[in-house]
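Here is the structure we will look at, set down as structure tokens.
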Amino acid sequence: MAVFAPLIAACSSSDPSDVVTADDSTSPAPTKAPAADADAAVSSGDELRWARANLGFVSAYVLARGNSAAIVDTGVDGSAAAIGQSLGSLGLNYSDVEHVILTHNHADHAGSIGAVVAEAINATVYAGEADLGGIDQNPITGLRGGEDVFGFEMIATPGHTAGHMCVIDHSAGLLVAGDAIFGEAGGVIEGPERFFADVDQSRESIKRLAELSFNTLLFGHGEPIEDRADSAVAALAATL
Ligand SMILES: [Zn+2]
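Residue numbers for the sequence shown follow the working numbering, beginning at 613 and rising by one.
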């Protein structure tokens, strides 16, 4: 039997002041009908769901399967409650979090790591090996790229920082880009060069991302793209 694992776009904001976009209003978090048979029950448990903690100029994300979750990035200092609300929007709480993955060591992505780990007591924490020095958290598992965490592939995307990681769910077609690329005006752009440790390396990383297939793209900075996002990245890569 073919595995059917559609992405449920439960994109929600933890910022009450955030304006609900047209996209949000047409894509409400779906309510599941009772499973008609055992196969349906199995496949619905595997579906990836996600929620965005919109922290203003930066976002963190909760990715969930069944009753388990991974958090990707933790926002600036003081973001743990907002991330907790995002967990709640998926029917989960911090005790359901198995993994906390930091895309890189900047303070707007790793700022709340201590507070998040204090709540997510069952979680293992990961970040790129070359970025570990800039993260005030112990223990933390170093990544080099290629690892499987929670069914996601870790993609080494150095440039913005030396140890930058992107996170992709191949079956759901979802990429969390961190700051490897930025979202702007419904498309993708290179981030501002002044924020990048190595611009040439960053461009090579964008070209690597352009070889992947994904529909949904979640940024550290910018509005999520939820349809054919890989073509936008390929178009950007072709200009580099
Ligand atoms: Zn950054």
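Where is the CB? At the ideal position from N, CA and C, for every residue including glycine.
Check this for me: beta carbons of residue i and residue j, under 8 Å apart or not?
{"i": "L821", "j": "V788", "result": "no"}
{"i": "E708", "j": "G832", "result": "Checking the sequence, you will find Asp at residue 708 rather than Glu. In this structure, G832 does not lie closer than 8 Å to D708 by Cβ."}
{"i": "A841", "j": "L852", "result": "no"}
{"i": "G740", "j": "H776", "result": "yes"}
{"i": "L786", "j": "L660", "result": "yes"}
{"i": "V674", "j": "L702", "result": "yes"}
{"i": "H721", "j": "H772", "result": "no"}
{"i": "A774", "j": "A797", "result": "no"}
{"i": "C778", "j": "G795", "result": "no"}
Taking the alpha helix (DSSP H) that residue i falls in, what are its first and last residues?
{"i": "S698", "result": "692 to 701"}
{"i": "I818", "result": "811 to 821"}
Could you spell out where the beta strand (DSSP E) holding residue i opens and where it closes?
{"i": "G795", "result": "794 to 796"}
{"i": "S783", "result": "Taken as a continuous stretch (DSSP letters only), S783 belongs to no beta strand (DSSP E), as it is neither H nor E."}
{"i": "H716", "result": "Counting along the chain, H716 falls outside any beta strand (DSSP E), and DSSP gives it neither H nor E."}
{"i": "I683", "result": "680 to 684"}
{"i": "A768", "result": "764 to 768"}
{"i": "L829", "result": "828 to 831"}
{"i": "L755", "result": "753 to 755"}
{"i": "A592", "result": "Outside the displayed range of the chain (613 to 852) lies residue 592, so it cannot be described from this structure."}
{"i": "A672", "result": "671 to 677"}
Please identify the residue among the options whose C-alpha is closest to the C-alpha of residue i.
{"i": "R815", "options": "V728, I725, T769, A692", "result": "T769"}
{"i": "A732", "options": "G763, A719, D760, I695", "result": "I695"}
{"i": "G834", "options": "E659, L667, D658, L660", "result": "L667"}
{"i": "T753", "options": "L714, L699, G795, Q697", "result": "L714"}
{"i": "S817", "options": "G799, A792, L699", "result": "A792"}
Work out the CA separation of residue j and residue i for me, nearest whole Å.
{"i": "H711", "j": "D748", "result": "17 Å"}
{"i": "S671", "j": "A665", "result": "6 Å"}
{"i": "P751", "j": "R677", "result": "25 Å"}
{"i": "A825", "j": "G758", "result": "Residue identity check: residue 825 is Ser in the sequence provided, not Ala. Answer to the nearest angstrom: the Cα atoms are 16 Å apart."}
{"i": "H782", "j": "F764", "result": "7 Å"}
{"i": "K819", "j": "A850", "result": "8 Å"}
{"i": "I837", "j": "G745", "result": "32 Å"}
{"i": "E823", "j": "G726", "result": "35 Å"}
{"i": "S724", "j": "A681", "result": "17 Å"}
{"i": "T736", "j": "D760", "result": "13 Å"}
{"i": "Y706", "j": "Y738", "result": "17 Å"}
{"i": "N827", "j": "N734", "result": "30 Å"}
{"i": "D810", "j": "A663", "result": "31 Å"}
{"i": "F762", "j": "D812", "result": "31 Å"}
**Asked** Are the stretch 798 to 809 and the stretch 679 to 693 touching by the rule of at least three beta carbon pairs closer than 8 Å?
**Response** no
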